[in-house]
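*Asks:* Position 614, counted from 1, in the sequence shown is what the working numbering calls 800; the numbers after and before it change by one each time, with no gaps. Every residue gets a Cβ at the ideal spot worked out from N, C-alpha and C, and that includes glycine. None of the values given here were measured: they were computed from a predicted structure.
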Amino acid sequence: MMKRVLFLFLLLNSVCFGQKSVNYKITEESMSEGKLIRSKSTYFTLSANKSASKKEFPSEIKVNNIVYKDSRNPFIFSSFHPDSNQNILSSSILVDILMSLQQSIRFNAQHQETFVDTSSLRKEILSKARYWQLSDDIAEMVRNNVTVGAKLLCGGFNYSYLGKDVLKGLQSGPMLIKSKLYKITKNDKKNLYLSFRDTSGSSAGEFVVDKKTFQPIMLSWRHEYNQDNRLFIKTTHMQLLDTNVPSTYDQSYADMLLFGSFVSKTLYTNELIDSVKVMKYIDKYTPVFRNDKTFVIKKLDLFQQIKSNELYDLSLNDVPVNLLSGTHHLSNFLYNGAMSRDKFMMVIPLLDNEKRYNWIQNALYQQLGQPVATGTLSSDEQADLLINHFSEIERQYTYPMILGRRIMQQAEDLLQAKKLLNELMNLNDDYWINGNVGRYALMTYQRLAPVDQNYSQQLLVDIISKLTTLYNADNTVRKNIIRAHLATANYFAYQITDKNNKEEALNYLEKAALYSPKNQGETAYNSSYDIIFLKSKKSYAEDYLTELAAGGKKDVALQKYIDEFLTVQGTGYRGLRDFYQHYYPEQNFSDFFMQKVVPQLPDVPDFALENLENSKIAKADLKGKWTLLDFWGTWCGPCVAELPKLNSFYGHLKTDKSRSDKIGFISIACYDTADKVKNFLANNNYTIPVLMSDGQVEKNFQVKGYPSKYILTPSGKLIGIPFGFDWQPLLEEVATF
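(1) Using CA coordinates, which residue listed in Val647, Pro915 and Asp880 is at the minimum distance from isoleucine 897?
(2) Between the C-alpha atoms of cysteine 856 and leucine 795, what's the straight-line distance to the nearest angstrom?
(3) Assign isoleucine 874 to one of three DSSP states: helix, strand, or coil.
(4) Which partner residues does proline 402 have in the DSSP bridge list?
(5) Might you give, ordered along the chain, the residues of its own chain that have their beta carbon closer than 7 angstroms to the beta carbon of methionine 525, omitting 5 neighbours on each side?
(6) Within the same chain, show all residues whose beta-carbon is closer than 8 angstroms to that of glutamine 319, passing over the 5 residues directly before and after it, in chain order.
(7) By the 10 Å Cβ neighbour count, where 16 or more other Cβ atoms means buried, how is serine 305 classified, buried or exposed?
(8) Under the DSSP definition of a beta bridge, which residues are partnered with leucine 606?
(9) For aspartate 880, which of helix, strand or coil comes out of DSSP?
(10) Quick check: leucine 814 and tryptophan 913, are their CB atoms within less than 9 angstroms of each other?
(11) Is it true that the CB of proline 586 sits closer than 9 angstroms to the CB of tyrosine 439?
(12) Please state whether the Cβ-Cβ distance between serine 702 and tyrosine 680 is less than 9 angstroms.
(13) Looking at asparagine 622 and glutamine 547, is the spacing between their C-beta atoms short of 9 angstroms?
(14) Any idea if asparagine 676 is buried or exposed, counting beta-carbon neighbours within 10 angstroms, 16 or more meaning buried?
(15) Excluding the five sequence neighbours on either side, which residues of its own chain have a C-beta within less than 7 angstroms of the C-beta of aspartate 167, listed in chain order?
(16) Can you tell me which of the three DSSP states threonine 655 falls into?
(17) Which whole-angstrom value describes the C-beta separation of glycine 819 and tyrosine 892, a residue pair presumed to lie in contact below a C-beta threshold of 8 angstroms?
(18) Using 8 angstroms as the Cβ pair cut-off and three pairs as the minimum, do the region 712-723 and the region 735-744 touch?
(19) Do you know how far the Cα of glycine 906 is from the Cα of aspartate 648?
(20) Between which two residues does the alpha helix (DSSP H) holding glycine 823 run?
(21) In three-state terms, what does DSSP make of phenylalanine 448?
(22) What are the partner residues of lysine 895, as DSSP defines its beta bridges?
(23) Tyrosine 454 and lysine 463: beta carbons closer than 9 angstroms?
(24) Quick check on DSSP: helix, strand or coil for phenylalanine 475?
(25) Could you tell me the boundaries of the alpha helix (DSSP H) in which leucine 536 lies?
(26) Over what stretch of residues does the alpha helix (DSSP H) that includes glutamate 540 continue unbroken?
(27) If you draw a straight line from the C-alpha of glutamate 580 to the C-alpha of glutamate 540, how long is it?
(28) When we look at the beta-carbon of lysine 890 and count the other beta-carbons within 10 Å, is it buried (16 or more) or exposed?
(29) Excluding the 5 residues preceding and the 5 following threonine 421 in the sequence, name in chain order all residues of the same chain whose CB lies nearer than 6 angstroms to its CB.
(30) Going by alpha carbons, who is nearest to glutamine 272 out of Lys479, Ile363, Thr429 and Ala238?
(31) Evaluate the contact criterion for the region 881-890 versus the region 774-783: three or more CB pairs, one atom per stretch, below 8 angstroms.
(32) If we call anything under 9 angstroms between Cβ atoms a contact, is lysine 369 one with aspartate 396?
(33) Can you find the residues in the same chain that come closer than 6 angstroms, C-beta to C-beta, to arginine 592, ignoring five residues on each side of it along the sequence?
(34) Is glutamine 888 helix, strand or coil when you go by DSSP?
(35) Take valine 281 as the anchor and find which of Gln602, Val328, Ser801 and Glu696 has the nearest alpha-carbon.
(36) State yes or no: is the C-beta of lysine 864 within less than 9 angstroms of the C-beta of leucine 798?
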């Protein structure tokens with residue numbers, strides 16, 4: 187609607203003042219729930235067409251500059267300030283933007299009809315697509331986007347009937363013209379001020395036009411709509427610019443971006459990254475863009491893609507540190523170790539809190555006390571700087587670690603160790619949460635246990651009490667690491683509890699199992715380090731269930747194993763099977779599993795999707811077999827990496843009828859096109875069966891990442907397989923039931 191009203195005036199201008207160039211800025215914004223989602227500012231020139239087609243299409247629009255921001259990625263592009271660009275290589279939006287910049291849109295307004303020169307427009311787009319070596323699907327998408335956009339921009343927007351006669355009629359009162367109600371709000375000597383609203387009530391706006399020339403001065407428009415039970419507001423503001431805003435388009439910059447983007451085939455040979463082409467690209471653009479953040483990050487990414495670790499390290503140490511901000515390369519720079527004091531002081535503020543926390547707690551801790559080369563900063567010096575020369579948050583991250591290390595170093599001097607330990611335990615909640623005090627308190631407990639048993643036992647009780655209070659607090663961050671420490675602390679208490687007091691010991695072990703993570707979402711990243719530092723376990727659930735069974739409560743333990751399997755599914759199968767076979771040797775596990783456990787699994791969501799041969803495959807077609815279902819995409823690195831295994835698995839199924847009668851396999855390609863998938867399979871000689879997602883199936887299956895796998899039971903139940911779990915032994919085993 188906005189474009190219809192806007193180009194009412196643009197076309198009037200082209201008709202009346204086609205020989206004069208005028209410049210405009212349009213800013214479009216989308217908001218929801220009070221938050222800005224997307225904004226786009228476009229600077230363009232409207233002028234007479236001076237090309238060979240000027241008789242047929244006398245008017246021309248040329249886009250000079252674009253500033254685009256999408257907060258959801260975030261994606262930020264500015265032709266004015268390339269140094270502010272963010273994540274521009276991660277979205278095909280970039281192609282639309284670069285294709286639109288400097289693009290000419292020629293049109294003709296005649297008798298309430300507007301004709302766009304789509305033929306020359308398409309030729310220009312396809313010429314650029316070939317030059318940038320865009321993949322076929324991207325080239326087609328961009329051609330459609332830009333061409334359709336041009337038609338929407340110009341086609342059907344000829345409001346030449348809003349001439350002097352209509353404007354004269356508006357002097358007498360509001361007029362309804364093609365579903366919009368117009369009225370004059372102000373009329374001075376120079377300008378005419380009008381408002382409009384759609385009779386549907388969904389949009390309204392106002393504009394100002396020069397009375398003498400009909401030249402549009404300003405337009406402001408607002409449109410509201412509901413989607414997914416959310417209110418969205420789109421606003422547009424157009425203004426005539428007093429001065430020309432010249433184009434800042436840089437062909438070399440555009441080439442660097444698109445040749446290095448995932449949409450281009452420039453760096454690939456048969457869908458695979460080509461190291462020779464990569465090096466030519468890097469050598470060509472490094473002299474020009476060595477200080478451009480987008481290029482620097484792309485160069486480092488490419489070195490990693492072609493597995494050139496030496497070139498990666500050399501380049502990483504050579505680039506300005508500030509250009510690495512917000513990327514994993516900054517962490518890599520820090521983890522590489524050796525650096526000067528000045529670089530260290532620059533790097534730390536650039537890290538986000540989580541990366542800074544992880545580096546301090548894990549990498550820095552392990553390097554404390556180690557010698558370093560002359561001229562570089564030691565880990566102990568780094569820790570001292572973090573505590574004394576940065577903000578309070580760096581001190582919280584670091585001080586408990588240093589305090590805990592001192593306690594363990596002075597464990598033989600019990601009086602001094604207890605004094606330092608008292609300071610550690612009395613740190614405030616912020617230090618406990620941000621400084622990982624639970625880890626260092628448990629480490630000091632382990633160190634002091636052989637020295638003073640009574641003291642260490644009371645210390646463990648105090649640790650459990652403090653961690654429990656923190657865990658139960660509503661506003662606790664790092665909850666998963668606290669629960670992991672709680673699980674370990676309770677297990678330590680179970681170990682030292684008098685075995686004559688079985689009830690108290692079992693209570694501690696039950697809590698250890700209770701606080702153990704049930705799935706990946708409850709597993710803290712730092713827990714893997716704690717397993718090493720504390721010699722602990724990821725989960726104490728199996729210890730607890732074994733203890734229950736040994737105490738004559740095997741049925742209670744079995745139910746807990748069933749509950750565990752229904753929660754984590756794939757990863758819980760082996761524990762359930764082993765427990766059942768050990769404690770119920772006289773019964774058949776397969777019968778128990780099929781009759782008692784499988785019926786409790788969730789149902790497979792309904793679906794009916796087309797395969798690459800345009801045939802429909804539905805949920806019902808897969809019943810009767812144990813079927814492996816894989817969600818993937820040609821754009822997904824981990825998906826592509828495991829396809830050789832999946833293709834081999836499927837190949838063996840086809841040649842082994844005894845297995846294929848019981849086991850099936852199907853994959854669903856998401857965020858892909860059929861042509862791209864066909865080409866990918868052909869180039870790699872893959873024969874796996876593929877269904878094309880309808881955009882809804884992955885939501886129904888609640889796919890959280892790619893690749894994602896499920897095992898479908900013959901009766902239509904669903905077993906989830908966590909990423910990285912070896913699904914094949916499980917599938918092969920249950921298929922024998």
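*Replies:* According to the structure shown:
(1) As a first step, residue 897 must be located in the sequence shown, where it is residue number 711. Ranking Val647, Pro915 and Asp880 by Cα distance to isoleucine 897 puts Pro915 first.
(2) In the sequence shown, counting from the first residue as 1, residue 856 sits at position 670. In the sequence shown, counting from the first residue as 1, residue 795 sits at position 609. Going by the C-alpha atoms only, they are around 12 angstroms apart.
(3) Position 688 of the sequence shown, counting from 1, holds the residue named residue 874. Note: isoleucine 874 maps to coil in three-state DSSP.
(4) Residue numbering aside, residue 402 sits at position 216 when the sequence shown is read from its first letter. The partner list for proline 402 (beta bridge, DSSP) reads Val395.
(5) What you label residue 525 is simply residue 339 of the sequence shown in a count that begins at 1. Short of 7 angstroms from the beta carbon of methionine 525, and not among the five residues preceding or following it, lie these beta carbons of its own chain, in chain order: Thr562 and Leu563.
(6) Numbered from its first residue, the sequence shown carries residue 319 at position 133. Hits under 8 angstroms: Phe445, Ser450, Lys451 and Thr452.
(7) Position 119 of the sequence shown, counting from 1, holds the residue named residue 305. Flag for serine 305 reads exposed.
(8) By one-based count along the sequence shown, residue 606 stands at place 420. DSSP, once it has assigned bridges, lists no residue as partnering leucine 606.
(9) Mapped onto the sequence shown, residue 880 falls at position 694. In the displayed model, aspartate 880 falls within coil according to three-state DSSP, outside both helix and strand.
(10) As a first step, residue 814 is located in the sequence shown; it is residue number 628 there, counting from the start. As a first step, residue 913 is located in the sequence shown; it is residue number 727 there, counting from the start. It is a contact, given that the beta carbons lie within the stated cut-off.
(11) Taking the sequence shown and counting its residues from 1, the one referred to as residue 439 is at position 253. Taking the sequence shown and counting its residues from 1, the one referred to as residue 586 is at position 400. By the CB criterion at 9 angstroms, tyrosine 439 and proline 586 fall outside the cutoff.
(12) Taking the sequence shown and counting its residues from 1, one reaches residue 702 at position 516. Taking the sequence shown and counting its residues from 1, one reaches residue 680 at position 494. Taking the C-beta atoms as reference points, tyrosine 680 is found no nearer than 9 angstroms to serine 702.
(13) The sequence position of residue 547 within the sequence shown is 361, counting from 1. The sequence position of residue 622 within the sequence shown is 436, counting from 1. If you check the CB distance, glutamine 547 and asparagine 622 come in under 9 angstroms.
(14) Within the sequence shown, the letter at position 490 stands for residue 676. Of the other Cβ atoms in all chains shown, 16 or more fall within 10 Å of the Cβ of asparagine 676; this residue is therefore buried.
(15) This structure gives no information on residue 167, because the portion of the chain shown stretches from 187 to 923.
(16) Counted from its first residue, the sequence shown places residue 655 at position 469. Here DSSP, grouped into helix, strand and coil, assigns threonine 655 to helix.
(17) The sequence position of residue 819 within the sequence shown is 633, counting from 1. The sequence position of residue 892 within the sequence shown is 706, counting from 1. Confirmed, Cβ separation roughly 6 angstroms.
(18) The answer is no - the region 735-744 does not touch the region 712-723, with fewer than three Cβ pairs under 8 angstroms.
(19) Walking along the sequence shown from the start, residue 648 turns up at place 462. Walking along the sequence shown from the start, residue 906 turns up at place 720. Those two C-alpha atoms are separated by around 39 angstroms.
(20) Along the sequence shown, read from residue 1 onward, the residue named residue 823 stands at position 637. Glycine 823: member of the alpha helix (DSSP H) spanning 823-841, first to last residue.
(21) Looking up residue 448 in the sequence shown gives position 262. DSSP places phenylalanine 448 in coil when its eight states are reduced to three.
(22) Residue mapping note: residue 895 aligns to position 709 of the sequence shown, counting from 1. Answer is Asp816 and Ile907.
(23) For this step, residue 454 is matched to residue 268 along the sequence shown. For this step, residue 463 is matched to residue 277 along the sequence shown. By the CB criterion at 9 angstroms, tyrosine 454 and lysine 463 fall inside the cutoff.
(24) Within the sequence shown, the letter at position 289 stands for residue 475. Here DSSP, grouped into helix, strand and coil, assigns phenylalanine 475 to helix.
(25) Here the question's residue 536 lines up with position 350 in the sequence shown. Boundaries of the alpha helix (DSSP H) harbouring leucine 536: 527-536, taken from the DSSP string.
(26) Counted from its first residue, the sequence shown places residue 540 at position 354. Per DSSP, glutamate 540 belongs to the alpha helix (DSSP H) from 539-544.
(27) Against the sequence shown, residue 580 aligns to sequence position 394. Against the sequence shown, residue 540 aligns to sequence position 354. Approximately 11 angstroms, taken between the alpha carbons.
(28) Position 704 of the sequence shown, counted from the first residue, corresponds to residue 890. With fewer than 16 other Cβ atoms within 10 Å, it is exposed.
(29) On the sequence shown, residue 421 is found 235 positions in, with the first residue counted as 1. Excluding residues within five positions, the ones whose Cβ falls inside 6 angstroms are Glu215 and Arg408.
(30) As a working mapping, residue 272 is identified with position 86 in the sequence shown. Ranked by how close their Cα comes to the Cα of glutamine 272, the residues Lys479, Ile363, Thr429 and Ala238 have Lys479 in first place.
(31) With the cut-off at 8 angstroms, the region 881-890 and the region 774-783 do not touch.
(32) Walking along the sequence shown from the start, residue 369 turns up at place 183. Walking along the sequence shown from the start, residue 396 turns up at place 210. In this structure, aspartate 396 does not lie closer than 9 angstroms to lysine 369 by Cβ.
(33) One-based indexing of the sequence shown puts residue 592 at position 406. If we look at arginine 592 and ignore the five residues flanking it on each side, its Cβ neighbours are Leu606.
(34) As a first step, residue 888 is located in the sequence shown; it is residue number 702 there, counting from the start. In the structure shown, glutamine 888 adopts coil according to DSSP, grouped into three states.
(35) As a working note, residue 281 is residue 95 in the sequence shown. It is Val328 whose Cα lies nearest to the Cα of valine 281.
(36) Residue 864 sits at position 678 when you count from the first residue of the sequence shown. Residue 798 sits at position 612 when you count from the first residue of the sequence shown. Judged by beta-carbon spacing, leucine 798 lies within the 9 angstroms limit of lysine 864, meaning their Cβ atoms are closer than that value.
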